[in-house]
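Q: A single structure is presented below for examination.
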Amino acid sequence: MLDEASSNSAVKVAQDAATFQWEEGKAQPGIGIALSGGGFRAMLFHAGALARMNELGLLSRAERISSVSGGSIMNGHLALSWGKLGQADANGSFANFKHIVVEPVLAFSRQKIDVVDALTGLLPWTSASDQVAKSYDKYLFGGKTLQDMPDAPRFIFCATNLQTGVLWRFAKSYAGDYVIGQLDNPAIPVSHAVAASSAFPPVLSPFLLELPKGSFKDWPGGPNLSPGEIDAFRARVILCDGGVYDNHGVEPIIKRYLTNFVSDGGAPFERTADVHTDWIGQLRRILDVTDNQVRALRRRGLIQRFIDGNEVQDETKLSGDARMGAYWGIDTDPRKVNPPNAVSCDVDLTHKLALVGTRLSDLGETISKQIVNWGYAVCDRSLRANYAGQMTAVLPNLPYPEAPLVGS
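My numbering numbers the first residue of the sequence shown as 1057 and each following residue consecutively.
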């Protein structure tokens, strides 16, 4: 049991977390991109969406790219590949984007990580999250650290701090949260940041971050904890999947920039008459319902911001919570966003792709390519139907035409 001092400290942290507002200054002109969680399904979906954003000249203009969970795998690879893309052309596009970014991620998706690493993680000298980090390094990140990422755009990987209950950020310039404090210019491996961000509970979490005493400095405006209290939080940071706190990964962008693009590869909520009534079955269903309600509230809020902002059509004239930009989800009905010259999409097939399991494991070549194509197609549809800002006029052409979104 907690002693009285520990109990009071925990209550104080919870109260501070409940009242804190993440203020980064007034939102400013610029583009922020958020990539949601959802395992390899989301990673591939975002690869397609980013490919279309690149063609439309939007990706090269991004100021910040934020991610959680499966989106962080894509984001980590993009960050470490950014320097290889070279200069964007006159339309703002990177000509070699598919070769440099999309194809390596598609190849990586053929790995079978979650089951193997989870079982290996049962051994006493390691953990599932440690094994996942090793797999990320072996197959995708090659031991690179956060300091190997570019200064701009700013790439942010979000995790959830289970001790403080707030969002933990990994970036090149800092890592931390407002309760514990921050690490300046952390030389943390990208694989560790992504493993923490994608440490889905209970199998792949938690990710433990243990650093020498004195590594942290206080967060400006954070809780005023005594040295004894703050040292307890800093001695061992217990992190899990960023999607537990914010499955869309929007917090680092929505309060900072006036134009936001949100790609959501999260699994849709399934209505079913067959609900298990045992204790475990009920608990799982209750957690699913709770998660669905939180995500639905976030989506509605985002979409209303975009409706308000895109009507204004000018960043400099936005007021209040209004934002320019667009949201698209893996469960979006293509019939409801159908601009001219859109790629043909069969609603039954896209719904089937949305229901692919949340795994860090091979989904099969055809399905994997179709998910990339669906991310590309629905991003294109949403941007051209909803976003009022400037884009390059390039007609869509699926990254993998051999895996069409019709007739399957």
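We put the CB at the ideal spot given by N, CA and C, even for glycine.
#1: Taking only three categories from DSSP, how would you classify residue 1245?
#2: Between the region 1382 to 1390 and the region 1217 to 1234, do three or more beta carbon pairs fall short of 8 Å?
#3: Closest to residue 1159 by C-alpha separation, out of 1100, 1169, 1187 and 1208, would be which residue?
#4: Identify every run of the beta strand (DSSP E) within the region 1216 to 1243, keeping only runs that are complete inside it and at least 3 residues long; order them along the chain.
#5: If contacts are defined as beta-carbon pairs under 8 Å, then residue 1216 and residue 1295 qualify, I think. What distance do you get, rounded to the angstrom?
#6: Tell me which residues share the same chain as residue 1304 and place their Cβ nearer than 8 Å to its Cβ, disregarding the 5 neighbours each side in the sequence.
#7: Which of helix, strand or coil does DSSP assign to residue 1285?
#8: Starting from residue 1432, trace the alpha helix (DSSP H) in both directions and tell me its first and last residue.
#9: If I measure Cβ to Cβ from residue 1135 and keep anything under 8 Å in the same chain, skipping five residues before and after, which residues do I get?
#10: Tell me which residues share the same chain as residue 1452 and place their Cβ nearer than 6 Å to its Cβ, disregarding the 5 neighbours each side in the sequence.
#11: When the Cα of residue 1161 is compared with those of 1197, 1177 and 1185, which residue comes out closest?
#12: Taking 8 Å as the threshold, find out whether the region 1106 to 1114 comes into contact with the region 1140 to 1159 through three or more Cβ pairs.
#13: What does the alpha-carbon distance come out to for the pair residue 1180 and residue 1401?
#14: Per DSSP, which one or two residues make a beta bridge with residue 1056?
#15: Should the region 1165 to 1172 be called in touch with the region 1081 to 1088, which here means at least 3 C-beta pairs below 8 Å?
#16: Rounded to whole angstroms, what is the Cα-Cα separation between residue 1276 and residue 1330?
#17: If I'm right that residue 1253 touches residue 1213 with Cβ under 8 Å, what's the distance once you round it to whole angstroms?
#18: Using the C-alpha atoms, what's the distance from residue 1338 back to residue 1077?
#19: Less than 8 Å between the CB atoms is what I'm expecting for residue 1455 and residue 1107, so what's the real figure, rounded?
#20: For residue 1279, count neighbouring C-beta atoms within 10 Å of its own C-beta (all shown protein chains included) and say buried if the count is 16 or more, exposed if not.
#21: Helix, strand or coil for residue 1121 per DSSP?
#22: Between which two residues does the alpha helix (DSSP H) harbouring residue 1106 extend?
#23: Where residue 1375 and residue 1312 are concerned, what is the direct C-alpha to C-alpha distance, given to the nearest angstrom?
A: With the structure as the only source:
#1: One-based indexing of the sequence shown puts residue 1245 at position 189. Judged by DSSP in its simplified three-state form, residue 1245 adopts strand.
#2: With the cut-off at 8 Å, the region 1382 to 1390 and the region 1217 to 1234 do not touch.
#3: Here residue 1159 refers to the residue found at position 103 when the sequence shown is read from its first residue. Checked all of 1100, 1169, 1187 and 1208; the closest Cα to residue 1159 is 1100.
#4: Given a length threshold of 3 residues, each whole run of the beta strand (DSSP E) inside the region 1216 to 1243 is given here in chain order: 1223 to 1226, 1230 to 1233 and 1237 to 1240.
#5: Position 160 of the sequence shown, counted from the first residue, corresponds to residue 1216. Position 239 of the sequence shown, counted from the first residue, corresponds to residue 1295. Between residue 1295 and residue 1216 the Cβ distance is about 7 Å, and since that is below 8 Å, they are a contact.
#6: Looking up residue 1304 in the sequence shown gives position 248. Listed in chain order, the non-local C-beta contacts of residue 1304 below 8 Å within the same chain comprise 1090, 1092, 1124, 1318, 1320, 1322, 1351, 1354, 1355 and 1358, local neighbours out to five positions each way being set aside.
#7: Here residue 1285 is taken as the residue at index 229 of the sequence shown, counted from 1. In this structure, DSSP gives residue 1285 a helical state, which the three-state scheme calls helix.
#8: Here the question's residue 1432 lines up with position 376 in the sequence shown. Where residue 1432 is concerned, the enclosing alpha helix (DSSP H) stretches over 1421 to 1442.
#9: Walking along the sequence shown from the start, residue 1135 turns up at place 79. Only residues of its own chain outside the window of five on either side were considered, and among them 1121, 1205, 1206, 1211 and 1246 have a CB closer than 8 Å to the CB of residue 1135, listed in chain order.
#10: Along the sequence shown, one-based indexing puts residue 1452 at 396. These residues qualify, in order along the chain: 1399 and 1436.
#11: Reading the sequence shown from its first residue, position 105 is the one you call residue 1161. Measuring from the Cα of residue 1161, the nearest candidate turns out to be 1197.
#12: Counting Cβ pairs under 8 Å, three or more are found: they touch.
#13: Taking the sequence shown and counting its residues from 1, one reaches residue 1180 at position 124. Taking the sequence shown and counting its residues from 1, one reaches residue 1401 at position 345. Their Cα atoms are separated by approximately 48 Å.
#14: No statement about residue 1056 is possible, as the shown extent of the chain runs from 1057 to 1464 and does not include it.
#15: Taking a contact to require three or more Cβ pairs closer than 8 Å, the region 1165 to 1172 and the region 1081 to 1088 do not qualify as touching.
#16: Residue mapping note: residue 1276 aligns to position 220 of the sequence shown, counting from 1. Residue mapping note: residue 1330 aligns to position 274 of the sequence shown, counting from 1. Cα-Cα distance, rounded: 50 Å.
#17: Indexing the sequence shown from 1 puts residue 1253 at position 197. Indexing the sequence shown from 1 puts residue 1213 at position 157. Confirmed, Cβ separation roughly 5 Å.
#18: By one-based count along the sequence shown, residue 1077 stands at place 21. By one-based count along the sequence shown, residue 1338 stands at place 282. Residue placement at residue 1077 is poorly supported in this model, since its pLDDT is 43, which falls under 50; the coordinates still yield a value, given next. The alpha-carbon of residue 1077 is positioned some 34 Å away from that of residue 1338.
#19: The residue labelled residue 1455 in the question sits at position 399 within the sequence shown. The residue labelled residue 1107 in the question sits at position 51 within the sequence shown. Distance from residue 1455 to residue 1107 at the Cβ level is roughly 6 Å; contact confirmed, criterion being Cβ atoms closer than 8 Å.
#20: As a first step, residue 1279 is located in the sequence shown; it is residue number 223 there, counting from the start. It counts as buried.
#21: Residue numbering aside, residue 1121 sits at position 65 when the sequence shown is read from its first letter. Under the three-state reduction of DSSP output, residue 1121 falls in the strand class.
#22: Walking along the sequence shown from the start, residue 1106 turns up at place 50. Counting along the chain, the alpha helix (DSSP H) containing residue 1106 begins and ends at 1095 to 1111.
#23: Working through the sequence shown from its first residue, we reach residue 1375 at position 319. Working through the sequence shown from its first residue, we reach residue 1312 at position 256. Going by the C-alpha atoms only, they are around 14 Å apart.
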